[in-house]
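Asks: Here the UniProt record's numbering is used: position 58 in the sequence shown is 58, and no number is missing along the way.
Here a beta-carbon is modelled for each residue, glycine too, at the ideal position from N, C-alpha and C.
Below you'll find the structure I mean.
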Amino acid sequence: MLAYFREMVDVLVERCGVSRAEAVARINATYGTQDGVWIMGHELPEYWAYGAYYRPDHRDRLPTGDPDEDADIDFSTFPVRPAPPKDSPFWTVEEISE
């Protein structure tokens with residue numbers, strides 16, 4: 001399961017442009033406190049990663065991670081969820097400044 005969560009983090013870093021520390025914090029905040037995460041593997045990691053980053057659009061939909069299903073989506077129209085507060089326990093990876 002850890003590898004699956006790491007794939008979700010990679011999606012947020014590579015496709016949403018957030019730092020690895022923020023991606024981990026978002027995944028921790030969204031899914032780290034939920035029961036039943038073992039069932040998440042039936043969807044692409046993108047499906048869950050996008051849910052931790054975006055809010056639904058005006059049509060109440062989120063990207064799924066499937067290129068065919070997401071082909072008509074303008075990702076710039078999705079509202080972005082705020083990152084967890086920096087002083088929260090969800091930030092478990094140190095932010096690296098460049």
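1. For Arg61, count the other beta carbons within 10 Å of its own beta carbon; 16 or more makes it buried, fewer makes it exposed. Which is it?
2. Thinking C-alpha only, which one of Asp35, Trp48, Gln34, His42 is nearest Arg6?
3. Are the CB atoms of Ala83 and residue 128 within a distance shorter than 8 Å?
4. Measuring CB to CB, does Val11 end up less than 8 Å from Glu46?
5. Between Ala29, Glu43, Ala3, Arg81, which has its C-alpha nearest Asp87's C-alpha?
6. Quick one: what's Val80 bridged to in DSSP?
7. Under a three-way DSSP split, which group does Gly17 fall into?
8. Check whether the region 63-71 and the region 31-46 touch, using three or more Cβ-Cβ pairs below 8 Å as the test.
Replies: Quick look at the numbers:
1. By the 10 Å Cβ count, Arg61 comes out exposed.
2. For Arg6, the nearest C-alpha among the options comes from Trp48.
3. The structure shown does not extend to residue 128, since the chain spans only 1 to 98, so no value can be given for it.
4. Closer than 8 Å, so yes.
5. For Asp87, the nearest C-alpha among the options comes from Ala29.
6. DSSP, once it has assigned bridges, lists Tyr54 as partnering Val80.
7. In the three-state scheme derived from DSSP, where H, G and I count as helix and E and B as strand, Gly17 is classed as coil.
8. Judged by Cβ distances under 8 Å, the region 63-71 makes contact with the region 31-46, as three or more pairs qualify.
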